[in-house]
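Residue numbers (UniProt numbering): 1 to 498.
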Ligand SMILES: *[C@@H]1O[C@H](CO)[C@@H](O)[C@H](O)[C@H]1NC(C)=O
Ligand SMILES: *[C@@H]1O[C@H](CO)[C@@H](O)[C@H](O)[C@H]1NC(C)=O
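1. Could you check what DSSP says for residue 306 in three-state terms: helix, strand or coil?
2. Roughly how many angstroms separate the alpha carbons of residue 254 and residue 435, rounded to a whole number?
3. Can you tell me which of 223, 215, 189, 247 puts its alpha carbon nearest to the alpha carbon of residue 70?
4. Would you mind sorting residue 22 into buried or exposed? The rule is 16 or more other CB atoms within 10 Å of its CB.
5. Name the two residues that bound the continuous beta strand (DSSP E) containing residue 170.
6. Restricting to runs no shorter than 3 residues, where is the beta strand (DSSP E) found entirely within the segment 398 to 453?
7. Kindly indicate which three-state DSSP category residue 261 falls into: helix, strand or coil?
8. Should residue 286 go down as buried or exposed, given a rule of 16 or more other Cβ atoms within 10 Å for buried?
9. Could you name the residues that DSSP lists as bridge partners for residue 387?
10. What number of angstroms, rounded off, separates the C-alpha of residue 243 from the C-alpha of residue 77?
11. Using the Cβ count rule (16 or more neighbours within 10 Å means buried), how would you classify residue 225?
12. I'd like the span of the alpha helix (DSSP H) that includes residue 372, first residue to last.
13. Looking at the structure shown, is residue 85 part of a helix, part of a strand, or coil, going by DSSP?
14. Here's a check: name, in chain order, each residue in its chain whose Cβ is nearer than 7 Å to the Cβ of residue 464, leaving out the five neighbours to either side.
15. Taking just the CA atoms, how far does residue 96 sit from residue 159?
16. Helix or strand or just coil, what does DSSP make of residue 182?
17. Cβ of residue 257 within 8 Å of Cβ of residue 424?
18. Output needed for residue 98: all residues of its chain with C-beta closer than 7 Å, excluding positions within five of it in sequence on either side, in chain order.
19. What residues are listed by DSSP as bridge partners for residue 148?
20. Rounded to whole angstroms, what is the Cα-Cα separation between residue 133 and residue 360?
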């Protein structure tokens, strides 16, 4: 029975994916329990309580102590991991119905399941909420992967581990969906944190965070720490998965300074990528190649997605510089796992990856670097004597997406009031006391074009909002393959070093 169930899930997930070019297998990445051996330069005692009131420019001091928002109360308010998404608990309607909601910076609708679905355990019952009001207007969103359709309404929402207060918000009650709820997920709705321009059916549907800022008066910014950083073994029972801090940045969640890049245009969180380096080697592509047709930061995308030319150049450079021979192409396209004996350390074989972003001073850049531990991602429970990994990048025909693979290395500040995104080293992107990410700068941007983003064509009918989680099939993949299919030929077991 169990095998039949597993197989049907597997078959289902496999069938979702365009001609099975690659399998969206999901990784139950466990979370590093958090031995943060770093001293934070910030003064921890004074910055924690920040004014709830915003003067429009940024933070101002609260005169009324009840008007404060305590960032520490929001720390560790997320659960989940990169494969299944990071989600926050919300209380929706009157009386409140508790649901888990995926945090997605790549879309702008707040939508919850309003009908049963095989892959979710609960849903929002609009009939049981005395404050739910349907507008009768139908709405649907198509994502890179999956879509849903429903009806728009309004209701009251509060966040047990968010800013104090009840907010009246637009809510899409999902009636029908396809490939949106995935096997193994533990959330029932999606919180689109991007700009009104992406909201459906049109930008008049005020997004959730806009409503929070307007009604609670918190500063127009939020920050995100996702703690799934590539670690497969954790002894913690319920390790914190991350934090969504609304209204500011919490100093204990990062170290060093925050580097800012301008938001190129307010729809997605679009940024300008100037250069990519694999190890010390620049890919030397025209910088526009990194931004066709856009480059965005998206918490609802599992992998680092790269425009096809860029992806090919990265894979070629990694292959050339890594010490591994006979690297099966199936690893790069995501259809196969790479496995090593448990006592081997494959991370030493792979180079670092750096992304250069335009600094707020346009003639400068800074770079964010991820170590292989972030993009060579462990699959837990594979086989007793083997450690298996997937490749944390994939090719994209809809632009470069800085997804969870990269975001897990950084504390990312979405400073909407100043139209810029900040990156700092995340306090949880640490393994065995060593950081898994680096930030450096400033560098001169004189060697790249003045505008690498140029000419984005925003054709509404072609918009695909970029939520794209890697569905749950990793374990199934392995269990179905380990009796025969993971062999020396078909997988990368027992790699030899050149
Ligand atoms: C909400 O209010 C309570 C009581 O005033 C306070 O202790 C708590 O810190 C507040 N939470 C946040 C997130 O500001
Ligand atoms: C911006 O960067 C350039 C090049 O590094 C530097 O000469 C200039 O002083 C900087 N401008 C500001 C306002 O910091």
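Glycine is no exception: its CB is placed at the ideal position from the N, C-alpha and C atoms.
Result, derived from the coordinates:
1. strand
2. 12 Å
3. 247
4. Bear in mind that a pLDDT of 30 at residue 22, under 50, signals an unreliable position, so the number given afterwards is only what the model happens to contain. With 16 or more other Cβ atoms within 10 Å, it is buried.
5. 167 to 178
6. 400 to 402, 410 to 415, 420 to 426, 437 to 444
7. strand
8. exposed
9. 340
10. 5 Å
11. buried
12. 372 to 375
13. strand
14. 142, 143, 144, 398
15. 10 Å
16. coil
17. yes
18. 89, 91
19. 141, 177
20. 43 Å
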